[in-house]
Ligand SMILES: Nc1nc2c(c(=O)[nH]1)N[C@H]1C(S)=C(S)[C@@H](COP(=O)(O)OP(=O)(O)OC[C@H]3O[C@@H](n4cnc5c(=O)[nH]c(N)nc54)[C@H](O)[C@@H]3O)O[C@H]1N2
Ligand SMILES: Nc1nc2c(c(=O)[nH]1)N[C@H]1C(S)=C(S)[C@@H](COP(=O)(O)OP(=O)(O)OC[C@H]3O[C@@H](n4cnc5c(=O)[nH]c(N)nc54)[C@H](O)[C@@H]3O)O[C@H]1N2
Ligand code: SF4
Ligand SMILES: [Mo]
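Numbering (the numbering used here), first residue to last: 3 to 737.
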């Protein structure tokens, strides 16, 4: 059989690594990285190498599904499904108004930018603002903190231009969570060769922690004391950038006073980090001329997302670690327009308290969007404005949203639940319709996702003007009835006689993108080429140029060099170091006791990612299951001894909310007293569960109603107090 090699981009996560796929006939036989790629240098992971095979997986839906009254699903022609859904939505809107229709954009909805943009255009045409995303159950502080602190327009240095970096509760070598660039292990090695220093704080000795110059194995849920302690040392030892603080910030004095209670003793008692280690981390961080701080899901989920990210930004600011006048901007933009590179900030903007209020828990719009953790309440609370229809774009609420029990009740209460998903998921099982989509390697795509994430933190996005287009390399399976995800919303709009106005993805700020929005001729569905032209309308490099120059391999485009400009003399914006809400929260934490009272739950369950799995996606891949098809409950050997358990044993993990069955994995990497588990596993409540085959839902242990953030609604999803006890038997049974 003839062998052909095709080049494409992986989209099993947001990192968009180049893949070379060998085909024997129609079957992908081998997948590897492209060593000659000028930025990724051949990097791939097992999820990416399995990605082409997933397109042909027997579990994949080849037709859309409609739920029968008995709960089972039958195949339905996509044309019919779309017209039935359009009718049901029109009926719901006629009876209850547009607000009764909501949309949830999950990780794969966000990665397929066309679906998110067309979906949002349809919601706007319908008149509903009820758009939710995974950001508010992920790292909401990434959006709220820059609002409270002010965004530095020049941005942060990339890894290549920094001397020092701090990672707190994030492990980008595995997660690609940003900061260390694409091919993070290589980028880190190169930086270390020229003397770059790394500080890592995590209760788990992660892949990044192994590379750290200073590693702090902190207690989970204590990042506020840790960060406040670091800031206090830097201020007390006068290691901060006095000129920058004087020139560019406001209310430094408030910060000085607010961190004063975070003495070395206080920090040691709360975080388990000695004063010597705290000081060496603070001194090392402040010694750099340019640096970055990245916080990940750990600290954002452990109770104080806004404050930890705010302190992370403040730490960078007092050290003057942002890019300064004359510094070169690594990536002036290829598919995304970068804002002006000015050494200044417009100052803080509201992080909440604007836009559309929710009906529940006094929550509303925030800089991170609407609070997803409160969406079940919006569905379950009777009265005007109740949400009755939900569209899920490449997400899986049943295995992702906190408080699985409440989410289950909400999903069952909907008049219409539609998800677009290539497989029958836990959420799909409860859906009235599951729309079966084409997959990324069957349609063309550019490297827009990895470029889009640039706003999320220091070192995120591409460090250089890299771009790539990938043509489809696999045919849609023969006999399948699939649609490109975005067609669903476009065709519902057609059926409802709505005119769409589609914003491009080339502007991160929708206000700036407005001028490039396109109102297509609704009498027909745009072609693939047309929709990408709409997405890239106004982009620095056009779709035609991208295709012409970068179809086989990624290219570093020859873009004019961009340097940070001085701000005008009369500029008034300042970085806010003393936001009053954040200062009040610092005072609250300073009054918290270090140890939980006796009788409290003995362990803290922390979140983590597994190398071989991405959230709840593609868990059936035999290669990705090689090590674990489930989500092990990692604990320290001392804890295993105390609980009389060994690797492979079953335990009950009980929180105040519920209990799940976990499979023990003993590891030296964890801090004692901590149990570490990935999310996205298990089944719906009440279904037959086998912990050794499907794992368990950590979301079931979470309550959305206690210990939640008063602005973004995110409840405690890491550092959850739990108890663990050994159980006998195979652990299979009703969840
Ligand atoms: N307890 C706990 N809960 C958590 C977290 C945690 O750490 N702990 N993490 C949170 C975080 S960070 C996030 S982002 C959310 C994730 O929240 P979600 O995005 O809701 O969940 P995923 O599991 O990523 O769902 C992805 C879905 O996309 C489908 N899919 C895969 N490929 C494609 C495709 O090409 N097209 C389409 N249409 N669908 C596709 C998959 O089958 C899967 O059903 O979960 C959050 N929940
Ligand atoms: N392989 C793989 N990659 C992924 C994903 C995946 O499921 N698998 N998911 C993707 C998604 S949706 C996201 S949002 C990103 C997330 O990316 P990251 O945030 O980098 O996720 P993790 O690798 O879990 O790193 C979080 C770390 O926080 C630590 N931690 C937990 N609680 C605390 C705490 O209270 N304080 C501190 N300091 N640390 C704590 C955990 O031990 C863990 O090492 O990863 C993405 N990439
Ligand atoms: S890191 Fe993400 S994009 Fe890269 S190969 Fe793995 S799954 Fe694919
Ligand atoms: Mo996430």
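Ideal Cβ placement from N, Cα and C applies to all residues, glycine included.
According to DSSP, residue 664 shares a beta bridge with 653. In summary, residue 97 is exposed, with fewer than 16 beta-carbon neighbours lying within 10 Å of its beta-carbon over all protein chains present. Judged by DSSP in its simplified three-state form, residue 66 adopts strand. Judged by the Cβ position, residue 21 qualifies as a neighbour of ligand 3 at the 8 Å threshold, a heavy atom of the ligand being closer than this. The nearest non-hydrogen atom of ligand 2 is less than 8 Å from the C-beta of residue 173. Residue burial annotation: residue 93 is exposed, with fewer than 16 other C-beta atoms found within 10 angstroms of its C-beta.
Inter-segment contact for the segment 493 to 504 and the segment 219 to 226 is absent: fewer than three beta-carbon pairs are separated by less than 8 Å.
Under the 8 Å Cβ criterion, the segment 402 to 416 counts as touching the segment 692 to 708, having at least three qualifying pairs.
The beta strand (DSSP E) runs of length 3 or more contained entirely in the segment 7 to 53 are, from start to end of the chain, 20 to 26 and 29 to 34. Residue pairing by DSSP places residue 231 opposite no residue, since no beta bridge is assigned to it. Remark: C-beta atoms of residue 289 and residue 199 approach each other more closely than 9 Å.
About 6 Å separates the beta carbon of residue 724 from that of residue 656, a gap short enough to meet the 8 Å contact definition. Exclusion of the five residues before and after residue 150 leaves 308, 312, 350, 353, 578, 581, 583 and 584 as the residues of its chain whose Cβ lies within less than 8 Å of its Cβ.
Contact between the segment 708 to 721 and the segment 374 to 389 is present: 3 or more CB-CB pairs across the two stretches fall below 8 Å. With respect to the 9 Å criterion, residue 455 and residue 16 are classified as neighbours on the basis of their beta carbons. Residue pairing by DSSP puts residue 567 in a beta bridge opposite 344.
Contact between residue 339 and residue 540 holds: their C-beta atoms lie close to 7 Å from each other, under 8 Å. Taking a cut-off of 8 Å on C-beta distances, the segment 279 to 288 does not touch the segment 250 to 257, as fewer than three cross pairs fall below it. Between residue 506 and residue 518, the beta carbon gap of about 5 Å places them in contact (Cβ cut-off 8 Å). With fewer than three CB-CB distances shorter than 8 Å, the segment 193 to 209 does not count as touching the segment 31 to 51.
At least one heavy atom of ligand 2 lies less than 8 Å from the C-beta of residue 228. For residue 527, there is no enclosing alpha helix (DSSP H), as DSSP gives it neither H nor E.
Residue pairing by DSSP leaves residue 113 without any beta bridge partner. Closest in C-alpha terms to residue 418, from the list 271, 104, 434 and 388, comes 434.
A straight line joining the alpha-carbon of residue 438 with that of residue 262 spans about 56 Å. Around the CB of residue 616, 16 or more other CB atoms lie within 10 Å, so the residue is classed as buried. If you ignore the 5 residues before and after residue 413, its C-beta comes within less than 7 Å of the C-beta of 399, 400, 419, 429 and 432, all in its own chain and listed in chain order.
For residue 721, the CB contacts under 7 Å within the same chain, skipping 5 residues up- and downstream, are 222, 223, 304, 305, 606 and 608 in chain order. If you draw a straight line from the Cα of residue 327 to the Cα of residue 643, it is about 57 Å long. Taking the Cβ of residue 53 as the reference point, at least one heavy atom of ligand 3 falls within a distance shorter than 8 Å. One alpha carbon belongs to residue 105, the other to residue 347, and they sit about 33 Å apart. Environment of ligand 3, chain-ordered: 12, 14, 15, 17, 18, 19, 46, 47, 49, 50 and 178, taking every residue with Cβ within less than 6 Å of a heavy atom.
In this structure, the C-beta of residue 524 stays at least 8 Å away from each heavy atom of ligand 1. Around residue 553, the same chain offers 471 as residues with beta carbons nearer than 6 Å, after the five sequence neighbours per side are excluded.
Residue pairing for residue 392: DSSP places it in a beta bridge opposite 104 and 419.
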